[in-house]
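Be aware that the sequence shown starts at 55, since it is given in this note's numbering, and climbs by one per residue. Backbone N, C-alpha and C define an ideal beta-carbon position, used for all residues, glycine too. Notes follow the structure.
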Amino acid sequence: MNAANPSQALEHAFAVLRENDRGTYTVPTKGLYPFQWNWDSCLTALGLAELDEDRAWTEIETLFAHQWPDGMIPHIVFHVPSDTYFPGPNVWGTNRPTPTSGITQPAVAGFAAKRLFDRAKDKAMAAARCRALLPKIDAWHRWFYENRDPHGEGLVAILHPWEAGRDNSVDWDEALAQVPTTGIAPYTRRDTDHANPAHRPTKAQYDAYMWLVEHFRALGWDNSRLHDASPFQVIDPAFNAILIRACTDLAALADELGEAEIAARNSAWAQRALPALDTLWSAESGRYLARNRVTDKLIDSQSIGGLLPVFAPIPAVRCHAIAEHVQGLLKVLNYIVPSHDIGTAGYEPQRYWRGPVWLVTNYMIADGLRNAGELAVADRIARSSLELITKSGFAEYYDPKTGEPLGGGRFTWTAAMVIEFLRAQEAELA
Ligand code: GLC
Numbered sequence: 055m056n057a058a059n060p061s062q063a064l065e066h067a068f069a070v071l072r073e074n075d076r077g078t079y080t081v082p083t084k085g086l087y088p089f090q091w092n093w094d095s096c097l098t099a100l101g102l103a104e105l106d107e108d109r110a111w112t113e114i115e116t117l118f119a120h121q122w123p124d125g126m127i128p129h130i131v132f133h134v135p136s137d138t139y140f141p142g143p144n145v146w147g148t149n150r151p152t153p154t155s156g157i158t159q160p161a162v163a164g165f166a167a168k169r170l171f172d173r174a175k176d177k178a179m180a181a182a183r184c185r186a187l188l189p190k191i192d193a194w195h196r197w198f199y200e201n202r203d204p205h206g207e208g209l210v211a212i213l214h215p216w217e218a219g220r221d222n223s224v225d226w227d228e229a230l231a232q233v234p235t236t237g238i239a240p241y242t243r244r245d246t247d248h249a250n251p252a253h254r255p256t257k258a259q260y261d262a263y264m265w266l267v268e269h270f271r272a273l274g275w276d277n278s279r280l281h282d283a284s285p286f287q288v289i290d291p292a293f294n295a296i297l298i299r300a301c302t303d304l305a306a307l308a309d310e311l312g313e314a315e316i317a318a319r320n321s322a323w324a325q326r327a328l329p330a331l332d333t334l335w336s337a338e339s340g341r342y343l344a345r346n347r348v349t350d351k352l353i354d355s356q357s358i359g360g361l362l363p364v365f366a367p368i369p370a371v372r373c374h375a376i377a378e379h380v381q382g383l384l385k386v387l388n389y390i391v392p393s394h395d396i397g398t399a400g401y402e403p404q405r406y407w408r409g410p411v412w413l414v415t416n417y418m419i420a421d422g423l424r425n426a427g428e429l430a431v432a433d434r435i436a437r438s439s440l441e442l443i444t445k446s447g448f449a450e451y452y453d454p455k456t457g458e459p460l461g462g463g464r465f466t467w468t469a470a471m472v473i474e475f476l477r478a479q480e481a482e483l484a
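As structure tokens, then:
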């Protein structure tokens, strides 16, 4: 479905949201992803708010209704059975009342809650919904620092590439190569039934993903044991920056709502994490680099994971370097921001997180650049995003050179981000 002008684009975006709405949660797109995903839902809530504020809060509340007793918010909630997705509830074996996966995803909830609150037309309702959500989001943040930063360095590790939300990024190649793949149960992938296998992760990557799932399942999904027992522990700058932004936003929100303890705690986490994040900056690459905690080495990969930290309150000089880098990509690409830099090792323009443009990462980078006063580049990213949906519809991701739509179609968070970009454009014109 193409969209030729802003009002058509908005209508199309609303139609995609309605189509993927299951009443109290949305699915990313039917068929390929028939359940509720963590960061998809939180970002989708921003778009839903334009249709119905009450429904937007419900989206996040439904996710948090499935919080684990230890504080973790799982990456998938399997609300209803479906055999179009692998790995399903039986493979995860997490023994939750409503089945969920056993790993987490980027912590965007704190950011989303603040943004919804700030924009709410119904402030009384927003305050009440936020008061109930605050302790739950706070408990999730605590969970991260307790379970994923056992030595208190201020940076948390992901234990599975799926936790980063950038499943097959080049960033994980080196660490994933250390994950064994022998002994895993035979399995049949379902993603390649819905999307071109050339645009998806490889079989070798999938084997390692499944080994990790089976390994953690054998440990009873006991989060106090998983970190040290995992052969894959990667400190992703993007994942950490999103958590820092969420802590900062939650602190501001808690402060506004008179929750002093939550405010102080979250602000302290962010203050401790920011200098630690800065140790990942690479002057040579003009971006942050991931660190393999197992080998204690930085990972030399020119990916979007190193640009996304602009979403957090990082120093202005870093924001400026990132802005210049993104601007420079337009010399060699028609659409920005690619998930991996063209011309560097590992770049594949059509394979998922190894090159394609995703609107959700565009949104976070543009938001960070805007906050840092880098308005021209932020606007340029928004323009690229809207050009992509105009040309190719609401796809899961896009080829940065041709703009070709890739992966699943009629994608919920793509639609939500379009609503956000159009909203910003309208605000600027007003
Ligand atoms: C893919 C993406 C992940 C997203 C999920 C549902 O696994 O890599 O970020 O949350 O699909 O859209």
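Flag residue i as yes when its Cβ comes closer than 8 Å to any non-hydrogen atom of the ligand GLC, and as no otherwise.
i, result
"Pro82", "yes"
"Asp94", "yes"
"Asp227", "no"
"Trp467", "yes"
"Gln159", "yes"
"Trp146", "no"
"His253", "no"
"Tyr417", "no"
"His195", "no"
"Gly219", "yes"
"Glu441", "no"
"Tyr139", "no"
"Tyr406", "yes"
"Tyr79", "no"
"Trp122", "no"
Is the beta carbon of residue j closer than 9 Å to that of residue i?
i, j, result
"Glu104", "Ile473", "yes"
"Asp245", "Phe140", "yes"
"Gly447", "His66", "yes"
"Trp146", "Thr154", "yes"
"Ala317", "Ala327", "no"
"Ala436", "Ala420", "yes"
"His248", "Gly85", "yes"
"Ile353", "Arg345", "yes"
"Asp286", "Ala218", "As written in the sequence, residue 286 is Phe, which differs from the Asp given in the question. Contact flag unset, no."
"Trp111", "Leu170", "yes"
"Thr466", "Thr98", "yes"
"Asn250", "Leu413", "no"
"Leu423", "Cys373", "yes"
Figure out for me which residue from the options has the closest Cα to the Cα of residue i.
i, options, result
"Arg299", "Ala63, Ala229 and Ala161", "Ala161"
"Thr236", "Ala305, His253, Ala262 and Glu113", "Ala262"
"Gly427", "Val364, His394, Asp282 and Asp453", "Val364"
"Met418", "Tyr401, Leu100 and Ala252", "Leu100"
"Gly156", "Glu313, Arg464 and Phe270", "Phe270"
"Thr80", "Leu331, Leu343, Asp137 and Arg464", "Arg464"
"His379", "Arg405, Ala337, Arg408 and Leu413", "Ala337"
"Ala324", "Ser136, Glu458 and Gly164", "Gly164"
"Thr468", "Thr83, Asn59, His214 and Asn388", "Thr83"
"Ala295", "Ser284, Ala366 and Arg434", "Ala366"
"Thr158", "Thr138, Tyr401, Val371 and Pro215", "Pro215"
With burial defined as no fewer than 16 other Cβ atoms inside 10 Å of the residue's Cβ, what is the status of residue i: buried or exposed?
i, result
"Ala57", "Low local confidence applies: a pLDDT of 48 at Ala57 is under 50, so the model's placement there is unreliable, with the coordinate-based value given in what follows. Buried."
"Lys351", "exposed"
"Ser223", "buried"
"Ser438", "buried"
"Glu315", "exposed"
Starting from residue i and walking both ways along the beta strand (DSSP E), at which residues does that stretch end?
i, result
"Ala344", "Ala344 to Asn346"
"Ile353", "Lys351 to Ile353"
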